[in-house]
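Undergrad: If you read the sequences in order, they're chains A and B.
The letter at position 498 of the first sequence is residue 498 when you use full-length UniProt numbering, and the numbering goes up by one with no holes.
The letter at position 511 of the second sequence is residue 511 when you use full-length UniProt numbering, and the numbering goes up by one with no holes.
The beta carbon of each residue, even a glycine, is placed where N, CA and C say it ideally should be.
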Amino acid sequence: MKLYCLSGHPTLPCNVLKFKSTTVMLDCGLDMTSTLNFLPLPLVQSPRLSNLPGWSLKDGNAFLDKELKECSGHVFVDSVPEFCLPETELIDLSTVDVILISNYHCMMALPYITEHTGFTGTVYATEPTVQIGRLLMEELVNFIERVPKAQSASLWKNKDIQRLLPSPLKDAVEVSTWRRCYTMQEVNSALSKIQLVGYSQKIELFGAVQVTPLSSGYALGSSNWIIQSHYEKVSYVSGSSLLTTHPQPMDQASLKNSDVLILTGLTQIPTANPDSMVGEFCSNLALTVRNGGNVLVPCYPSGVIYDLLECLYQYIDSAGLSSIPFYFISPVANSSLEFSQIFAEWLCHNKQTKVYLPEPPFPHAELIQTNKLKHYPSIHGDFSNDFRQPCVVFTGHPSLRFGDVVHFMELWGKSSLNTVIFTEPDFTYLEALAPYQPLAMKCIYCPIDTRLNFIQVSKLLKEVQPLHVVCPEQYTQPPPAQSRRMDLMIDCQPPAMSYRRAEVLALPFKRRYEKIEIMPELADSLVPMEIKPGVSLATVSAVLHTKDNKHVLQPPPRPAQPTGGKKRKRASDDIPDCKVLKPLLSGSIPVDQFVQTLEKHGFSDIKVEDTAKGHIVLLQEAETLIQIEEDSTHIICDNDEMLRVRLRDLVLKFLQKF
Amino acid sequence: MDPECSRLLPALCAVLADPRQPVADDTCLEKLLDWFTTVTEAGSSLLLLQENPCLVELLFHVLKSQDLSSRILSFSLRLAGIFAAQEDCFQYLQQGELLPMLFGEAGPLGGAAWTAPAVRSGWIQGLRTLAQHPSALRLLAACGAVDTIFSLQGDSSLFVASAAGQLLVHILDLAMRGPAEGRCSPQACDWPACAQKIVCHIEDSLCSIATPQVTQALNVLTTVFGHCHGLWTQGLWVRLSPLVARLLEKDPVPASHSLVDLLLSVARSSVPSSDRGLWETLAQTLSHLSPTQAGPLALGILKLQDCPQALRTQAFGVLLQPLACVLEAAAQAPGPPGLLGGAAGDPMTVDTLLCSKSACVGLLCCALAHLGLLQPLPQRPSPWPQAPLLGAAVTVLRLCSGSAAPTSDVGGRLCAILVGCGRVQRAALDFLGALSQGAGPQESVTQVFSVLLEYLMSPESSSMVLKKAFQATLRWLLSSPKTPGCCDLDPRTQLFLRELLPVLQKRLCSPCWEVRDSGLEFLTQMTRHWGGQAGFRQALLASEVPELTKQLLQDPESYVRASAVTATGQLSSWGLLAAPASPERPGAQQKSLLVELLHVLCADSEGFPRRAVMQVFTEWLRDGHADVAEDPERFVARVLQAASRDPDWEVRAQGLELALVFLGQLLGPRGSHCPCAVALPETAPPGALAQALPEAAPPGTLAQALPEAAPPGTLAQALQVLCRVQLFEFAFRALFDCDRPVAQKSCDLLLFLRAKAALCGSPQEAGDSPNVASVEATLQRWQAGEQGQPLGYLEPGAVMAVLRSIDLEGLRDTLAESSDHVEKSPQSLLQDMLAAVGVLGENEADCY
């Protein structure tokens, strides 16, 4: 059993598991932090961004000044943003049989895999994962395609040149594999390969293994997966949450008794409690708005935003913010808000029951009805007519490199009355803000990451008790910034195995059993014999037939009737040479009784010696040894076959035959 | 005894003795016992029994009856105890052999009733009451009661077990008080047999291998040394201390809590003066007990007035040990000697700290709480290690917040255990607050402020932790030293304030109401102390805090609104609320706070904000707030009008408080001698001030013109003012208020007014004018509960006439009695009990 690790990002995993002749890809996350090296794509012409000076080498050589621009001491690539793909060289991805997706954030690299690697398998995911994943991809494609950029920079990627660049460009890894965003056509084609599944549904893969999605409590339709055969069980835990937010709660019980548990997608901010962060978010939002400032919340169009809107729904009246407009701007804003209301079966119990009242499960429906929350596909069109300040704007993309958020950063960045509040934990906020410096607006970092923290993981592992834990290397040591915090790492026994990008792990686990079926007629012919109460044995002679990973014992073909000398010879070629089977023996020899029997049969001068494994019965007169051990008996006598046979028969009297 | 009660008693005894008429209410029996206790304390029990033979009959009947309820049986045992407490009555009861029958083997002790805990408890209490004289001791010996008490020490009912222990102590004390009194005899042979028996039992228990028995013995001894002061206790200690010391040899030490209690009880008694070995035992105990168990003992030792210095040092070391370990574990590099003068942390304490989260948290919280309690005491250890303690508190807080970066392995593990632990955070913040009473080196104080700011800023601080952080911050801010030669805040505090106010601002917007509330309380306190400091004023006015505070008057949570009322009231008193209109919103008219608060008083649906408004208004009136001083008469009139309609009695009571302040300003404070004589010489023209204060004059000047007292000529003027603000209507209404505290307060106010008037010479009365008659008629209707009709405008003369005609003193006395004084009379009790079982022909029972 092997694990090929194609991504180094612990929360955007992409691993391939080879298990019992199947090749299963677990998630295909797309690392978008590479886009932080690029200049933002402004929706409206930005004189500031277009007039940034080009960057030149220390010696004054300015051959890169078209590709690289300098802003407040940082250097950015002036090109269409590119993404860091999962490793494609480590394993031939065309051999991947299936891809299991655990949540909509972990499928963003799907088009790269399904459309460009010769992949011919099936992708499994739940319905909300596919629908919301589609929205995220659609938004991403839209954000990038609507700001066409003529230039595509590639000179800087040359290894010799990259060495000369300042950090962080100098340290960027695998830049040659960075790719531009996929197209909508590729998205559609990739999504068409997905087969929808429901929680606890059992899916057979080639008869060899069975895969099952389980609720993971993190997002709408998010799942963990069980990959199991008859005797082995591998659990794949991706983004999971034990907090009570909108999705169905996590199914922990089904993870029990795993041989291997692959653990990814823990919280990225283990020191921040989501509840405190929501409090911080609300306080800062109210403070800004009360002082007449605007609040910008860079976010994804689905996920935490539902919970934030719910908190604000409860908070705005009490904080006296009822008259403040909330805007949600995304090409998929409308679909996201509406989709969230129709996936009732995937929601937590509380929200499910609302559907029967009938009421919309999320209160943002009421915010929309009362005109407190308005949503628009982009800043163009209706929004510009309705726009009123001070206000709160939720919009993407959290990297601040593309999407409508770029416009608001340019618009509001100059006033200290305004605030940008970062709630998505995927991007370092200081790096996200770098191309907007110098910035007067206030920046608040309240990352809300509801995924498991290390205390919860420790409890989970104690509860489900896997034999082995496999996790990204980042989880086996404290975060670099808090190197003394021994509580911020996985602590389990035996210690977790760690992996890093482009590594192949042989999982410490041997398969020992295989299930074999027995045909009824063969079973009929067996004559079991009880050798001790509750245990019966029978000898079986059969042909083992293996097809599609199923093993069946069939009756052996009948030996052909002997018809003639020649044919008979041929027949013996075909049929395995079945010797007359000797009976199998079982039982143990009580030494005292055995000695008595020997004496009864005329042997005298018998001596018994105890050995480490059993006994030696010495027939001194006959110069013969009988060595009795737990699983063997030897009669050693010099060329006296008669004596040996006599002694053998005496030994056999004490044993059962079948 | 009241003859009426005597008449009712036989019927009552018959009821009690009748198992078919169960007494439904246990409290009646308790009240009955209380009453009998009062009666026997006042007179002879013997006489009582002779005059009321039904009582003895009842006791006899109880003995014979098989099916009486356990509560009647218990009651009878206790009743017999009350009577037998007097020796002559004891003898009287003994003549009939009643007492041995009640308390001996033949009584309930041997019967089925004994299974009821109430009966066992009654038996103990009965004996406890009667054991007042030597005859009682003989009874106890005769009926073998002491052995029964021994066994009851381990009773399944905790109440019975505890009472049994106390009874043993009482018997021992009684036995030793008799013949041995005045003599200190450690020789057992000199002691009475009864005492010897008890002491032997205690000795046996102390040697027992069963911890519960050891605990019982230790508890009995703790009570002995806590309550008995005879010299014999010293002898007792000499005899028992070797056995107690032997307990320390066991591992683990059994019943360590009780042992600590005992040793402290002995140390507080007169024993130490005679037995210096006690200090030795205490020192041994300190070193034998686990760090968690030793903490309370160490604190107790340090609280002792007189104790050897070496022991104090050892005890202080025990208290400091956990913090010393924390300091050592978290130290970046070997620094100056820590809490224990450079000695290494005790490995046992380190083990306790690291063995589990609950043990670590428990030990640290106890250590912090104990040291916090010790800090303000005059007998606290000296020198007090203020700087290392500050360092330890800061380190604990940093470990809890995860901001500490310990390099040692122990430090790392402590950090993992403590991070995010709210209990330790709260304890450490309390302790840090307590330490503000002492100074500290500049560097430590800077660290304190920085950790406090870290906690106030951290989104991870829970609401309770934040509250404690606010409290500790306030204590440190208020204790920060003033710059010599300058009355303003020192530059460091000002710098801190500049960082603090944005945090406070954010906290006032928290979605959690508890946080908003504690933020407001903090602001109020800070303003109360520093409202006059230029540095504070500047920083506050430059922030959004005053504006936000005002906005919180509309908070959805009533507690927050109440705190906002208090905070704005305080800000406004110091002129810190009238911030200039912000440049972003020019022209935004600031509504007067007075109007806003009046609106809260009239319209808020919850009591807390309205009570807060009344308190603010009272304070404003007392301090001469500018908005009030503008027109105090109008102010008082409006407030009283609103308060009189309020459904909350505390608001109405506070209205009377405000009225009293107003009266004080008009007529001079309460309790002063006739102020007229002091304020104005008799030669002064009586109308002088009246002329100076013509009715048209701005009433705003009134408070200033009449700061202390009104001259005689002005009483009429003052009464005029009081009539105009309708203070009398308010006070008279309050006089008949259905809530007693309001009525009492009003009564006091009117008595004060009447006394003032009498001293200063009242204005001309209109004794029999129609006005007075109508007022009196209205008041009568009010008293009857019809408060709909207003009084209308009152003339001062009529008011004085009415005041004189009402029996205010009588009313005050009535009000001073508790509301159930009628129902509490013994006669009423007896009637009730009889009525409850239908013995009385007509039901005259009080219904309450």
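1) Where in the stretch 275–332 of chain A do unbroken runs of the beta strand (DSSP E), each at least 3 residues long, occur, reported from the N-terminal end onward?
2) Roughly how far, in whole angstroms, is the beta-carbon of GLY433(B) from the beta-carbon of ARG492(B), given that I think they are within contact range, below 8 Å?
3) Within 10 angstroms of the Cβ of ASN51(A), are there 16 or more other Cβ atoms? Answer buried if so, exposed if not.
4) Grouping DSSP H, G and I as helix and E and B as strand, with all else coil, what is THR428(A)?
5) Select from the stretch 412–442 of chain B all residues with a C-beta closer than 9 Å to any C-beta belonging to chain A, and list them in chain order.
6) Nearest to ARG426(B) by CA position, among SER461(B), LYS303(B) and GLU557(B), is which residue?
7) Taking the C-alpha atoms as reference points, what is the distance between LEU363(B) and SER167(A)?
8) Listing by chain order, which chain B residues have their CB less than 8 Å from the CB of ALA319(A)?
9) Measure the CB-CB distance between CYS106(A) and GLY29(A) and report whether it falls below 7 Å.
10) Would ALA405(B) count as contacting chain A if we go by Cβ distances under 7 Å?
11) Out of curiosity, what's the CA-to-CA distance linking LEU104(B) and ALA145(B)?
12) Counting only beta-carbon separations shorter than 7 Å, does LYS506(B) have a partner in chain A?
13) Rounded to whole angstroms, how far is the Cβ of GLY126(B) from the Cβ of LEU77(B), which I believe are closer than 8 Å?
14) Below 7 Å between beta carbons: does that hold for GLU127(A) and SER189(A)?
15) Can you find at least 3 beta carbon pairs, one from the stretch 294–307 of chain A and one from the stretch 131–140 of chain A, that sit closer than 8 Å?
16) Quick one: is GLY293(A) near chain B, going by C-beta distance under 7 Å?
17) Write down every uninterrupted run of the alpha helix (DSSP H) in the stretch 365–408 of chain B whose length is 4 residues or greater and which is fully enclosed by it, in chain order.
18) Compare the C-beta of PRO556(B) with all C-beta atoms of chain A and state if any pair is closer than 7 Å.
19) Who are the near neighbours of PRO100(B) in its chain, counting only those whose CB is closer than 6 Å to its CB and skipping five residues on each side?
20) Just to confirm my understanding: we take ASN158(A), look at its own chain, exclude 5 residues before and 5 after, and list those with CB closer than 8 Å. What are they?
21) Just the Cα atoms here: how many angstroms apart are TYR376(A) and ILE444(A)?
22) For LEU357(A), count neighbouring Cβ atoms within 10 angstroms of its own Cβ and tell me buried if that reaches 16, exposed if not.
23) Quickly, what does DSSP pair THR126(A) with across the bridge? List them, please.
24) Expressed to the nearest angstrom, what Euclidean distance is found between the alpha-carbon atoms of GLY532(B) and PHE617(B)?
25) If I measure Cβ to Cβ from VAL80(A) and keep anything under 7 Å in the same chain, skipping five residues before and after, which residues do I get?
26) Pull up the distance between the alpha-carbon of LEU735(B) and that of ASP748(B), whole angstroms please.
27) What is the C-beta distance between PHE394(A) and TYR327(A), in whole angstroms, given that I count them as a contact (C-beta under 8 Å)?
28) Could you tell me which residues DSSP puts in a beta bridge with LYS374(A)?
29) Can you tell me which of the three DSSP states PHE509(A) falls into?
30) Any idea if SER269(B) is buried or exposed, counting beta-carbon neighbours within 10 angstroms, 16 or more meaning buried?
31) Counting only Cβ pairs nearer than 7 Å, list the residues of chain B close to LEU287(A).
32) Give me the residue from CYS325(B), CYS228(B) and LEU429(B) with the minimum Cα distance to GLN471(B).
33) Taking 7 Å as the CB-CB cut-off, is ALA282(A) touching chain B?
34) Would LYS374(A) be called buried (16 or more neighbouring beta carbons within 10 Å of its own) or exposed?
35) Closer than 7 Å by C-beta to THR88(A): which residues in its own chain qualify, once you throw out the five before and the five after it? Chain order, please.
36) Measuring only the C-alpha atoms, how far is LEU507(A) from ALA344(A)?
TA: In brief:
1) List check, beta strand (DSSP E) in window: 295–298 and 326–329.
2) Rounded, the Cβ-Cβ distance is 19 Å, inconsistent with contact.
3) Counting the other Cβ atoms within 10 Å of the Cβ of ASN51(A) gives fewer than 16, which makes it exposed.
4) When DSSP states are grouped into helix, strand and coil, THR428(A) belongs to the coil group.
5) Here the close residues are GLY412, ARG413, CYS415, ALA416, ILE417, VAL419 and GLY420.
6) Taking only the C-alpha atoms, the option nearest ARG426(B) is SER461(B).
7) Their backbone Cα atoms lie some 49 Å apart in a straight line.
8) Going along chain B in sequence order, the residues near ALA319(A) (Cβ under 8 Å) are CYS509 and PRO511.
9) A contact, by the Cβ cut-off of 7 Å.
10) Output row for ALA405(B): interface = yes.
11) Residue identity differs from the one stated: residue 104(B) is Gly in this sequence, not Leu. If I take the Cα positions, the gap works out to 7 Å.
12) For LYS506(B), a Cβ of chain A is located within less than 7 Å of the residue's own Cβ.
13) Sure, about 4 Å apart at Cβ, within 8 Å.
14) Their beta carbons are not under 7 Å apart, which means GLU127(A) does not touch SER189(A) by this criterion.
15) Output reads yes: the stretch 131–140 of chain A touches the stretch 294–307 of chain A.
16) Nearest CB-CB separation between GLY293(A) and chain B: not below the 7 Å threshold.
17) Unbroken alpha helix (DSSP H) stretches of 4 residues or longer found wholly inside the stretch 365–408 of chain B: 386–401, given in chain order.
18) Chain A contact via Cβ: present.
19) Excluding sequence neighbours, PRO100(B) sits near CYS143.
20) Once the five neighbours on either side are set aside, ASN158(A) has no close Cβ partner at all.
21) Whole-angstrom Cα-Cα distance: 25 Å.
22) Classification for LEU357(A): exposed.
23) According to DSSP, which records beta bridges pairwise, THR126(A) is partnered with VAL197(A).
24) Inter-residue distance for GLY532(B) and PHE617(B) is about 20 Å (C-alpha atoms, whole angstroms).
25) Here VAL80(A) has ILE144, LYS149, SER152 and ARG180 as same chain residues with Cβ atoms under 7 Å from its own Cβ, once five neighbours each way along the sequence are excluded.
26) C-alpha separation (whole angstroms): 10 Å.
27) That pair is a contact at about 7 Å.
28) TYR327(A), per the DSSP bridge assignment.
29) Looking at PHE509(A) - three-state DSSP - the assignment turns out to be coil, as it is neither helix nor strand.
30) SER269(B) should be labelled buried.
31) The contacting residues are GLN505, LYS506 and CYS509.
32) Looking from the CA of GLN471(B), the closest CA among CYS325(B), CYS228(B) and LEU429(B) belongs to LEU429(B).
33) The sequence as given places Cys at residue 282(A); Ala does not occur at that position. For CYS282(A), the answer is yes, since a Cβ of chain B falls inside 7 Å of its Cβ.
34) Buried: at least 16 other Cβ atoms inside 10 Å.
35) Cβ-Cβ distances below 7 Å link THR88(A) to THR117 in the same chain, with the five nearest sequence neighbours on each side left out; the list follows chain order.
36) Their backbone Cα atoms lie some 39 Å apart in a straight line.
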